[in-house]
Amino acid sequence: MTESDQATARWKSEPMTTRLIAAVLVTDPDSGRLLILRRSTHLDFAPGEWDVPSGKGEPQEPITATAARELKEETGVVVAEADLRLVHVVHGCWDADVPGMFMALVFHTDRWSGTPRNAEPHKHDTIAWVPPDDLPQPFTHTTLVAVKRYLSTVP
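Each position in the sequence shown, counted from 1, maps to that position plus 8 in this note's numbering.
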């Protein structure tokens, strides 16, 4: 059996799961700039790429609670769940060697408090405010799609 066949057999033998993820597009209400983080190079997923605050939901946790929790954990920024507006949904698979799917619900807010900081330096190496139409590269692909779709709907 080839290595590819072994991976396929392993994938087919494991139960299919879908991981729920929340991501938050935080904009400055005065400048319109977007808050982003650069993922550390030692991470397995998207090492060295820019992204917005995001993370996996906990069992029984409402997705808006996940969004607010992850935003605070990663940046110190506090947002009320009622101030999160769903702007995009991303559904996909991890890759051929990792069984399962993910669904990311992307929220936007321009109503928040606190001073943004890199609150998880073991996961991110920097934090920045950037114009959303001039994002640095490389940028996490699924998030980049969500940001572009969101921008296309903003008047």
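Yeah, the Cβ is synthetic: ideal placement off N, Cα and C, and Gly gets one too.
Tell me residue i's beta-bridge partners as DSSP assigns them.
i	result
Gly100	Phe110
Ala154	DSSP lists no partner for Ala154.
His132	Arg47
Trp120	Partner(s): none; Trp120 has no beta bridge.
Leu94	Phe115
Val138	Leu42
Val86	Ser121
Less than 9 Å between the beta carbons of residue i and residue j, yes or no?
i	j	result
Arg77	Gly63	yes
Val34	Leu42	yes
Val85	Ser121	yes
Ser48	Gly56	yes
His132	Leu45	yes
Leu92	Thr123	no
Pro140	Val155	yes
Thr151	Asp36	no
Val32	Ala75	yes
For residue i, which of the options has the nearest alpha-carbon?
i	options	result
Thr25	Phe110, Val138 and Ala31	Phe110
Arg125	Glu81, His96, Gln145 and Ser160	Glu81
Glu66	Ala30, Leu45, Asp36 and Asp59	Ala30
Asp5	Leu113, Thr83, Ala136 and Thr148	With the chain running from 9 to 163 in the structure shown, residue 5 is simply not present.
Ala73	Pro140, Val114 and Thr151	Val114
Val95	Val87, Ala88, Gly108 and Ala112	Ala112
Thr83	Val97, Thr134, Pro146 and Ala127	Ala127
Worksheet item: Residue ranges of each beta strand (DSSP E) run of no fewer than 3 residues wholly in the segment 23-79, ordered along the chain?
Response: 26-34, 42-47 and 62-64
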